[in-house]
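Asker: Start counting the sequence shown at 4; every next residue gets the next number (the numbering used here).
All C-beta atoms, glycine included, are put in the ideal place defined by N, C-alpha and C.
Note that this is a predicted model, so its numbers are computed, not measured.
Handing you a structure now.
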Amino acid sequence: MADFRLIADRIAGDIAAGRLRPGQQLPPQRWFARRHRIAPSTAGRVYGELVRRGLVVGEVGRGTFVRAAPAVAHGRALIETATSAPVNLELNYPSAEGQSELLAASLAPLLRGDVLTEAMRPGAADGTAAARESAARLLALPGWRPEPAQVLFTGNARQAIAAALASLVRPGGRIGVEELTYPLVKEIAGRLGVVLVPLAGDAEGVRPDALAAVHRAAPLSALYLQPTLHNPTSSTMSERRRRELGRLVVEWGLPVVEDRIWSFLRPDAAAFAAHAPGLTHVVDGLSKRVAPGLTVGFLVVPQDRVEAVGAAVRSGGWSAGRFALEAAVRWTGDGVVRRLVEAKRADVARRQAILTEHLIERLGGHATERLGGHLTGHLTGRLGGQLAGGAVRTDPRAYFAWWELPAPWRADTFTAAAAAHGIAVTPGTAFAVDPHRTPDAVRLGLASAPEGELARALRTLADVAAGGPPGSAGG
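In structure tokens, the structure reads:
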């Protein structure tokens with residue numbers, strides 16, 4: 004029996020030597036199997052190994068292609084500087100004018116010797132009484148207000164996700180997630196030894212019928228959702244969808260991890276936790292509200308789960324630093340967080356206007372808004388009834404946009420073409436849970452680039468899309 008890894012090594016060598024070029028399509032697996040005199044199942048394992056190594060990308064209904072852009076490194080995507088491109092639309096950390104000065108003034112009292120001594124002590128999973136009260140007030144929404152005793156703290160929201168999942172799911176367990184999900188959740192699942200199960204969805208997120216079918220076929224251990232401003236699509240669940248899903252998880256006793264990291268931009272969207280309060284573990288943080296460098300992760304858990312989740316925080320070494328907690332209490336209490344949130348809501352409106360003017364309209368499209376509990380701010384580029392530049396899906400209050408590319412563009416070839424013009428974007432493969440179902444789409448982060456650079460970059464991307472990939476009729 005042929006060793007599929009040795010065959011994959013030979014194909015990898017052909018890619019490295021340039022005998023297989025970026026963007027080139029590999030033959031169908033059955034043809035590949037006949038050519039190499041191996042079983043079709045072995046050919047499938049070869050292709051799977053090449054996907055795992057990040058050398059090729061498999062697209063359902065289209066085939067398998069040599070990557071035109073390098074695979075996103077594990078544990079790195081969307082967190083830290085990952086490119087030397089002059090305009091980075093991968094990173095997505097919003098900043099308000101005068102932010103540093105505002106934060107510094109609020110921190111000044113912490114620098115007194117007596118106060119600083121206390122702030123330098125080790126942090127605990129449950130923080131301090133003042134921190135719990137402050138976080139409960141900050142996170143409260145109409146219809147849902149956590150009790151201070153339910154609040155735990157981590158160094159950031161990513162650690163809060165890890166702690167919640169580690170406390171809920173044993174190695175080998177199954178976690179239901181949206182088909183496209185936050186890339187670090189994939190990394191966390193790999194480290195915990197748990198399996199992510201993609202759940203089919205629509206414009207509002209996970210469909211209740213899809214969740215029911217998966218859970219009944221093989222029970223899930225937990226559910227991870229981004230119901231408000233889902234990353235990367237920016238969709239927000241209607242209250243009706245939240246009620247439907249809430250009813251199912253309560254019926255099954257299925258724990259939920261609700262990621263609300265971007266929800267401060269949509270205060271009108273209630274917490275999913277209101278529909279399953281005894282099961283939902285709410286994750287939030289200060290990295291987007293305030294700044295990524297000095298942040299705190301919040302984890303609101305059911306009362307009977309405080310000890311178990313707190314133990315996971317401690318064992319993972321994920322407790323928030325005491326200085327960061329003290330800073331968060333001061334920033335929240337003196338109104339700094341509120342002022343920054345208001346400034347960033349105004350900032351995102353300006354950047355959405357830039358997106359519309361310099362990408363949507365340049366593609367020959369227009370902005371439309373669908374209400375009635377469905378996706379708000381669905382933006383499409385159309386020309387003569389046909390999609391001229393693909394479809395750009397976003398929410399007027401989101402700091403990112405999901406661009407479903409026009410044929411014959413693929414995500415990796417477009418990412419490589421953008422990089423050649425000095426612009427870094429995130430390919431859809433970074434978000435896809437199933438590596439064999441990779442969308443021909445890219446995510447555009449609108450928050451980090453200065454507004455002038457953002458406008459120029461979006462104009463360039465529109466021109467790149469219109470020109471078509473190298474070797475195509477348009478390119």
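May I ask which residues mark the beginning and end of the alpha helix (DSSP H) holding ALA279?
Answerer: Locating residue 279 in the sequence shown gives position 276, where the first residue counts as 1. Where ALA279 is concerned, there is no enclosing alpha helix (DSSP H), given that its DSSP letter is neither H nor E.
Asker: Between the segment 165-174 and the segment 329-342, do at least 3 Cβ pairs fall closer than 8 Å?
Answerer: no
Asker: Going residue by residue through the segment 260-304, where are the continuous beta strand (DSSP E) segments of at least 3 residues, counting only ones entirely within it?
Answerer: For the segment 260-304, whole beta strand (DSSP E) runs of length 3 or above, ordered along the chain, are 283-288 and 300-303.
Asker: What is the DSSP secondary structure of ILE363, counted as helix, strand or coil?
Answerer: Your numbering for residue 363 matches position 360 in the sequence shown. ILE363: helix per DSSP, three-state reduction.
Asker: Would the segment 346-357 count as touching the segment 97-114 if we require 3 or more Cβ pairs under 8 Å?
Answerer: yes
Asker: Is DSSP giving VAL445 helix, strand or coil here?
Answerer: Numbered from its first residue, the sequence shown carries residue 445 at position 442. It is a strand residue.
Asker: Between the segment 230-242 and the segment 256-273, are three or more C-beta pairs nearer than 8 Å?
Answerer: yes
Asker: Measure how close the beta-carbons of ALA152 and GLY313 come, nearest whole angstrom, since I'm counting them as under 8 Å.
Answerer: Your numbering for residue 152 matches position 149 in the sequence shown. Your numbering for residue 313 matches position 310 in the sequence shown. ALA152 to GLY313, Cβ: 11 Å. No contact.
Asker: Straight-line CA distance for ASP398 to ALA404?
Answerer: Within the sequence shown, numbered from 1, the residue matching residue 398 stands at position 395. Within the sequence shown, numbered from 1, the residue matching residue 404 stands at position 401. Going by the C-alpha atoms only, they are around 8 Å apart.
Asker: How would you write the range of the beta strand (DSSP E) that THR157 sits in, first residue to last?
Answerer: On the sequence shown, position 154 is the one that residue 157 refers to. It spans 154-157 - the beta strand (DSSP E) in which THR157 sits, taken as one unbroken run.
Asker: Helix, strand or coil, according to DSSP, for ASP398 in the structure here?
Answerer: Stepping through the sequence shown from its first residue, residue 398 is reached at position 395. Three-state result, ASP398: coil.
Asker: Determine the direct distance from the alpha carbon of THR67 to that of ALA36, and round the result to whole angstroms.
Answerer: Position 33 of the sequence shown, counting from 1, holds the residue named residue 36. Position 64 of the sequence shown, counting from 1, holds the residue named residue 67. The alpha-carbon atoms of ALA36 and THR67 are separated by roughly 14 Å.
Asker: What does DSSP give as the partner residues of PRO430 in its beta bridges?
Answerer: Counting from one through the sequence shown, the residue named residue 430 turns up at place 427. The partner list for PRO430 (beta bridge, DSSP) reads VAL445.
Asker: Counting C-beta neighbours from all protein chains within 10 Å, is the total for PRO430 16 or more, i.e. buried, or is it exposed?
Answerer: If you number the sequence shown from 1, residue 430 lands on position 427. Flag for PRO430 reads buried.
Asker: In the DSSP output, what is GLY320 paired with across the bridge?
Answerer: Against the sequence shown, residue 320 aligns to sequence position 317. Answer is none; GLY320 lacks a bridge partner.
Asker: Keeping to the same chain, check which residues put their C-beta closer than 7 Å to that of PRO235; ignore five residues upstream and five downstream.
Answerer: If you number the sequence shown from 1, residue 235 lands on position 232. Counting only Cβ-Cβ distances below 7 Å, and skipping sequence neighbours, we find LEU183, PHE403, TRP405, PHE434 and ARG446.
Asker: Over what stretch of residues does the beta strand (DSSP E) that includes TRP405 continue unbroken?
Answerer: For this step, residue 405 is matched to residue 402 along the sequence shown. Run containing TRP405: 403-407, per the beta strand (DSSP E) assignment.
Asker: State the beta-bridge partners of ASN91 as determined by DSSP.
Answerer: On the sequence shown, position 88 is the one that residue 91 refers to. Beta-bridge pairing links ASN91 to ALA427.
Asker: For ALA206, does the three-state DSSP call read helix, strand or coil?
Answerer: If you number the sequence shown from 1, residue 206 lands on position 203. ALA206: coil per DSSP, three-state reduction.
Asker: Count the CB pairs spanning the segment 245-261 and the segment 274-294 that are closer than 8 Å, and state whether there are at least three.
Answerer: The segment 245-261 and the segment 274-294 touch, with no fewer than 3 CB-CB distances between them shorter than 8 Å.
Asker: So, helix, strand or coil for GLY175, using DSSP?
Answerer: The count along the sequence shown starts at 1 and reaches residue 175 at position 172. It is coil, neither helix nor strand.
Asker: I think GLU93 touches VAL428, with their Cβ atoms under 8 Å apart; what is that distance to the nearest whole Å?
Answerer: Against the sequence shown, residue 93 aligns to sequence position 90. Against the sequence shown, residue 428 aligns to sequence position 425. Right, the Cβ-Cβ distance comes to about 7 Å (below 8 Å), so this counts as a contact.
Asker: Give me the Cβ distance between VAL467 and ALA420, rounded to the nearest whole Å; I'm assuming they're in contact under 8 Å.
Answerer: Working through the sequence shown from its first residue, we reach residue 467 at position 464. Working through the sequence shown from its first residue, we reach residue 420 at position 417. Rounded, the Cβ-Cβ distance is 5 Å, consistent with contact.
Asker: Got a sec, what are the start and stop residues for the beta strand (DSSP E) VAL69 sits in?
Answerer: Along the sequence shown, one-based indexing puts residue 69 at 66. Counting along the chain, the beta strand (DSSP E) containing VAL69 begins and ends at 66-69.
Asker: Using the C-alpha atoms, what's the distance from ILE164 back to PHE7?
Answerer: Numbered from its first residue, the sequence shown carries residue 7 at position 4. Numbered from its first residue, the sequence shown carries residue 164 at position 161. Their backbone Cα atoms lie some 36 Å apart in a straight line.
Asker: In whole angstroms, what separates the C-alpha of ARG341 from that of LEU141?
Answerer: Sequence index remark: in the sequence shown, residue 341 carries index 338 (1-based). Sequence index remark: in the sequence shown, residue 141 carries index 138 (1-based). C-alpha separation (whole angstroms): 9 Å.
Asker: Which same chain residues end up closer than 6 Å to GLY176 when comparing Cβ atoms and leaving out the 5 residues on each side of it in sequence?
Answerer: Here residue 176 is taken as the residue at index 173 of the sequence shown, counted from 1. Within the same chain, GLY176 has close Cβ partners VAL197 and SER224.
Asker: What first and last residue would you give for the alpha helix (DSSP H) that runs through TYR50?
Answerer: Start at 1 with the first residue of the sequence shown, and residue 50 comes out as number 47. Note, TYR50: alpha helix (DSSP H), 43-55.
Asker: Could you give the distance in angstroms between the alpha-carbon of VAL90 and the alpha-carbon of ALA450?
Answerer: Looking up residue 90 in the sequence shown gives position 87. Looking up residue 450 in the sequence shown gives position 447. One C-alpha to the other measures close to 12 Å.
Asker: Of the choices ARG65, VAL200 and ALA139, whose alpha-carbon is the least far from that of PRO31?
Answerer: Walking along the sequence shown from the start, residue 31 turns up at place 28. From the listed residues ARG65, VAL200 and ALA139, the smallest Cα separation to PRO31 is found for ARG65.
Asker: What are the residues that DSSP puts in a beta bridge with TYR227?
Answerer: Residue mapping note: residue 227 aligns to position 224 of the sequence shown, counting from 1. DSSP output for TYR227 lists VAL180 and VAL260 as bridge partner(s).
Asker: Which same chain residues, not among the five before or five after GLY146, have their C-beta less than 6 Å away from its C-beta?
Answerer: Counted from its first residue, the sequence shown places residue 146 at position 143. If we look at GLY146 and ignore the five residues flanking it on each side, its Cβ neighbours are ALA273 and ALA277.
Asker: Report the three-state DSSP secondary structure of GLY393 (helix, strand or coil).
Answerer: As a first step, residue 393 is located in the sequence shown; it is residue number 390 there, counting from the start. Correct three-state label for GLY393: strand.
Asker: Is it buried or exposed, PRO409, if we count other Cβ atoms within 10 angstroms and call 16 or more buried?
Answerer: Here residue 409 is taken as the residue at index 406 of the sequence shown, counted from 1. Classification for PRO409: buried.
Asker: Once the 5 residues before and after LEU23 are set aside, which same chain residues still bring their CB inside 6 Å of it?
Answerer: Here residue 23 corresponds to residue number 20 of the sequence shown, with the count starting at 1. Around LEU23: ASP17 and VAL69.
Asker: From LEU289, THR463 and LEU282, pick the residue whose C-alpha is nearest to that of ARG263; which is it?
Answerer: The residue labelled residue 263 in the question sits at position 260 within the sequence shown. The option with the nearest alpha carbon to ARG263 is LEU289.
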